[in-house]
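Just so you know, we're using our numbering here: the sequence shown kicks off at 3 and counts up by one. Right, one structure below, let's go through it.
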Amino acid sequence: MYGLGMADMTPAADEMQAGDQASAWLGIDIVQASPGEAVAALRVVDHHCNGLGVCHGGFIFTLADTAMAFAVNAGGDRAFATNAEVDFVNGARVGDLLTAKCTRIVERGKAGICDVVVTDQDDRIIAVFRGRTLAVKAPA
3 MYGLGMADMT PAADEMQAGD QASAWLGIDI VQASPGEAVA ALRVVDHHCN GLGVCHGGFI
63 FTLADTAMAF AVNAGGDRAF ATNAEVDFVN GARVGDLLTA KCTRIVERGK AGICDVVVTD
123 QDDRIIAVFR GRTLAVKAPA
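Next up, the structure:
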């Protein structure tokens, strides 16, 4: 979407991205997705910013959540977030390129825990996110 190059993804992640209208509408690019790891990126534009001139935390949270979704579903599983929390460390402004790197740190049965670090183009940490996921059966 923002010229970040070709994505390195599994077939399951390609299929997921094809139906992911929310991420496309928000301007989120999936850069890489493999089982347990994913990278998503967002170029901050005017409509991402709040009244104080910084990227709204909801967009940063959504970027991190999207990276987690691709990490836990890239292997063909069907998993959803059950809980997440975020610490906003620094602000981001128009023009910044945010990158969310997700790593699944725990996979135990159907449950998982993922850590996501969101950085800007200067590798400055913008946010740290921890999410929990649950694998479910695909609908019939």
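Yeah, the Cβ is synthetic: ideal placement off N, Cα and C, and Gly gets one too.
Exercise for the section: Report yes or no: do the stretch 127 to 142 and the stretch 83 to 103 share at least 3 C-beta pairs separated by less than 8 Å? Expected result: yes
Handout entry: Rounded C-alpha distance that separates arginine 134 from glycine 55
Key = 31 Å
Exercise for the section: Could you tell me if glycine 78 is buried or exposed, where buried requires 16 or more neighbouring beta carbons within 10 angstroms of its beta carbon? Expected result: exposed
Exercise for the section: Keeping to the same chain, check which residues put their C-beta closer than 6 Å to that of alanine 15; ignore five residues upstream and five downstream. Expected result: Ala35, Phe72 and Ala76
Handout entry: Sheet register partners of serine 36 (DSSP bridge)
Key = Glu39
Exercise for the section: Answer yes or no: do phenylalanine 131 and alanine 66 have a C-beta to C-beta separation smaller than 8 Å? Expected result: yes
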